[in-house]
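Enquirer:
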Amino acid sequence: MKLYDSFRAPNPRRVRWFLAEKGDHKVEIVNLDVFKGEHRNESFLAKAGLPNVPALEIDDQTTITESVAICRYLESLYPEPNMFGRDAREQAVFEMWLRRVEMMLATPLMLAVRHSHPALAALETQVPAIAESNLAGGTRAIKVFDRRLRDSEFIAGDRISMADIVAATAIDFSRMAKFAIPEEMVAARRWYEAMLARPAAAAGVKAEA
Ligand SMILES: N[C@@H](CCC(=O)N[C@@H](CS)C(=O)NCC(=O)O)C(=O)O
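Last residue of the sequence shown: number 1004 in our numbering, and the count goes up by one each step with no gaps.
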């Protein structure tokens, strides 16, 4: 199995962080330099179908893109620690929070960075108004997660799940759009510091040879 990765990009980081939480695994990491367009070459496009990382090549016929789909597949190979919920109730609750994180927080924050940071001008036709409205959207959404985290150690429940990895990765990336969790959101800040202190968080950002 090969994971096509790009060390500084946030969506591949989700998968690296997820794998590091799992511990031992048999995934070979192949780094692509998106700024050199290595994800746009013919051989990669023939496998992945889209110029996006991450992509997990599982055999000659199948390459999975979409970071969450990749992690779901990896969860079936490496079930512990569980990240997507165990029984029907927990799976639905974890999924609900994961979708809230993706749609309300991660997507807006990533768009805010893509449309504002000079380094990403190479990948995006930047529209300042898109950056501004998405930064405002992410800033509104973080309140929802702060409220949740007053009563819950992690976003989806009392243990880490995919929702936490997606949220923490997006918030960390959004520093590039000058986003930060406001001081008064004590619960969200407590959660975020705990997330970044996990050993797997460091594995998620550092390039592996
Ligand atoms: N929804 C996809 C998003 C994938 C994505 O946008 N990846 C970015 C890197 S974070 C990318 O490949 N960008 C290359 C480009 O924009 O040309 C996922 O979760 O994997």
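Beta carbons: idealized from backbone N, C-alpha and C, even for Gly.
1. From Arg993 to Leu906, what does the alpha carbon distance come to, in whole angstroms?
2. To the nearest whole angstrom, what separates the beta carbons of Ala951 and Val888, a pair I think is in contact under 8 Å?
3. Determine the DSSP secondary structure at Thr858, reduced to helix, strand or coil.
4. Please classify Val922: is it buried, with 16 or more other beta-carbons within 10 angstroms of its beta-carbon, or exposed?
5. Ligand 1 heavy atoms versus the CB of Pro805: any closer than 7 Å?
6. For Lys817, count the other beta carbons within 10 Å of its own beta carbon; 16 or more makes it buried, fewer makes it exposed. Which is it?
7. So which of Pro849, Glu979 and Asp967 has the shortest CA-CA distance to Leu991?
8. Out of Leu930, Val896, Lys821 and Phe830, point me to the one whose CA is closest to Met971's CA.
9. Please list the terminal residues of the continuous alpha helix (DSSP H) segment that includes Glu852.
10. Please go through the same chain and pick out, in chain order, the residues whose beta-carbon is closer than 6 Å to the beta-carbon of Ala901, but skip the five residues on each side of it.
11. Skipping 5 residues on each side, what residues in its chain have a beta carbon closer than 8 Å to that of Phe974?
12. Which residues does DSSP list as the beta-bridge partners of Lys973?
13. For the stretch 828-838 and the stretch 809-816, state whether three or more C-beta atom pairs, one from each stretch, are separated by less than 8 Å.
14. Using only the alpha-carbon positions, how far apart do His912 and Leu893 sit?
15. Heavy atom of ligand 1 less than 7 Å from the Cβ of Thr920, yes or no?
16. Between Met898, Ile937, Val822 and Glu979, which has its C-alpha nearest Ile865's C-alpha?
17. Using alpha carbons as the reference points, say which of Val848, Leu840 and Phe839 lies closest to Arg803.
18. Tell me the DSSP bridge mates of Ile824?
Expert: Judging by the given coordinates:
1. Going by the C-alpha atoms only, they are around 26 Å apart.
2. Ala951 to Val888, Cβ: 6 Å. Contact.
3. It is a strand residue.
4. The residue is exposed, with fewer than 16 neighbouring Cβ atoms inside 10 Å.
5. Checking every heavy atom of ligand 1 against the Cβ of Pro805, one is found closer than 7 Å.
6. Burial check for Lys817: the Cβ neighbour count within 10 Å reaches 16 or more, so the residue is buried.
7. It is Asp967.
8. In terms of Cα proximity to Met971, the closest of Leu930, Val896, Lys821 and Phe830 is Leu930.
9. First-last for Glu852: Ala850 to Glu852, but that is the beta strand (DSSP E), not the alpha helix (DSSP H).
10. Result list for Ala901: Val961 and Ala965, in chain order.
11. Beyond the five residues adjoining it in sequence on each side, Phe974 comes within less than 8 Å, by CB distance, of Leu904, Ala907, Leu930, Gly933, Thr934 and Ile966 in the same chain, given in chain order.
12. Looking at the DSSP assignment, Lys973 forms no beta bridge with any residue, so it has no partner.
13. At 8 Å Cβ cutoff, the stretches do not touch.
14. The alpha-carbon atoms of His912 and Leu893 are separated by roughly 26 Å.
15. No, since every heavy atom of ligand 1 falls outside the 7 Å radius drawn around the Cβ of Thr920.
16. Nearest C-alpha to Ile865 among Met898, Ile937, Val822 and Glu979: Val822.
17. For Arg803, the closest alpha carbon among the candidates Val848, Leu840 and Phe839 is that of Val848.
18. Looking at the DSSP assignment, Ile824 forms a beta bridge with Leu798.
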